[in-house]
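Student: What follows is a structure written as structure tokens; I'll ask about it next.
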Ligand SMILES: [Zn+2]
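In my numbering, the protein residues as written are 2 to 242.
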């Protein structure tokens, strides 16, 4: 077996090294191919063939990514809480800082599946939290590009190469993305499906109003998806860019 990479960046570094190319040239080639609707692994595989390398060597270990994200989410309560808030804001941001919505769906789902994180005793420095957040951004973004099938329009299904154990996760991301494309969003607080244009801070108007008057408690954030009701589990627009 080959050593599998964990993130897109590691994968690109590996092929750049093996092919004797610069990381930047590899990254821009792969980006171009992906803009055409090609998946990450296929894009890298094509580049490998071009350079007489074995495409099988350039794979991503999706299961391990999920393990690492879940571990990070269970590390520390405050950290997870702050991370949720930062990522929630980044989903709504514009331009380069925007966190891709499908990756956010992955985050929410893994957060919902995580066992209750114990209230922590140690205190993370803001730098540690920032590093953990950056790592989660990288991992979720990579994961979603591997387990979902993509086209120019964004997520269009579950990727063929998605491991069996992650197909449910990929389906959820796909379903939520599709819902969003038709203008619907599931409130991250109560789970109600509402028109995306009426949401505020990723919540429906009632929840947004409620939180504002009661002020945001930590349970609201971590309880997010866990307490959802209704038939929804989902969310908002944008593709991986
Ligand atoms: Zn709500």
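Think of the CB as a built atom: it goes at the ideal place given N, C-alpha and C, for glycine as much as any other residue. Given the structure is predicted, the values throughout are model-derived calculations rather than measurements.
Residues near ligand 1, CB to any non-hydrogen atom under 6 angstroms, in chain order?
Tutor: Result (chain order): 188, 190, 191, 193, 204, 205, 207 and 208.
Student: On the three-state DSSP scale, how would you describe residue 184?
Tutor: Indexing the chain shown from 1 puts residue 184 at position 183. Coil, per DSSP.
Student: Counting Cβ pairs, one atom from each stretch, are 3 or more of them under 8 angstroms apart for the region 78-93 and the region 34-50?
Tutor: no
Student: Where residue 200 and residue 102 are concerned, what is the direct C-alpha to C-alpha distance, given to the nearest angstrom?
Tutor: Along the chain shown, read from residue 1 onward, the residue named residue 200 stands at position 199. Along the chain shown, read from residue 1 onward, the residue named residue 102 stands at position 101. Approximately 15 angstroms between the Cα atoms of the pair.
Student: Using the C-alpha atoms, what's the distance from residue 133 back to residue 291?
Tutor: Examination of residue 291 is not possible in this model, given that the chain is present from 2 through 242 alone.
Student: Go through its chain and collect everything with a Cβ distance to residue 66's Cβ below 7 angstroms, but skip five positions before and after it.
Tutor: Working through the chain shown from its first residue, we reach residue 66 at position 65. These residues qualify, in order along the chain: 7, 140, 143 and 144.
Student: Measuring CB to CB, does residue 100 end up less than 7 angstroms from residue 92?
Tutor: For the purposes of this step, residue 100 is taken as residue 99 along the chain shown, with counting starting at 1. For the purposes of this step, residue 92 is taken as residue 91 along the chain shown, with counting starting at 1. Contact: yes.
Student: Assuming residue 159 and residue 176 form a contact by the criterion Cβ under 8 angstroms, report the distance between their Cβ atoms to the nearest whole angstrom.
Tutor: Translated into the one-based positions of the chain shown, residue 159 becomes position 158. Translated into the one-based positions of the chain shown, residue 176 becomes position 175. Incorrect: roughly 10 angstroms between the Cβ atoms, too far for contact.
Student: Report yes if the C-beta distance between residue 70 and residue 109 is below 7 angstroms; otherwise report no.
Tutor: On the chain shown, residue 70 is found 69 positions in, with the first residue counted as 1. On the chain shown, residue 109 is found 108 positions in, with the first residue counted as 1. Going by C-beta atoms, residue 70 is not nearer than 7 angstroms to residue 109.
Student: Reducing DSSP to helix, strand and coil, say where residue 198 ends up.
Tutor: The count along the chain shown starts at 1 and reaches residue 198 at position 197. Of the three classes helix, strand and coil, the one that applies to residue 198 here is helix, per DSSP.
Student: What residue does the alpha helix (DSSP H) around residue 158 start on, and which one ends it?
Tutor: What you label residue 158 is simply residue 157 of the chain shown in a count that begins at 1. No alpha helix (DSSP H) contains residue 158, which is instead part of the beta strand (DSSP E) from 155-159.
Student: Nearest CA to the CA of residue 188: which residue from 174, 87, 125 and 203?
Tutor: Position 187 of the chain shown holds residue 188. Out of 174, 87, 125 and 203, 203 has the C-alpha closest to the C-alpha of residue 188.
Student: On the criterion of 16 or more Cβ atoms from any shown chain inside 10 Å, does residue 24 qualify as buried, or is it exposed?
Tutor: Counting from 1 along the chain shown, the entry for residue 24 is found at position 23. It counts as exposed.
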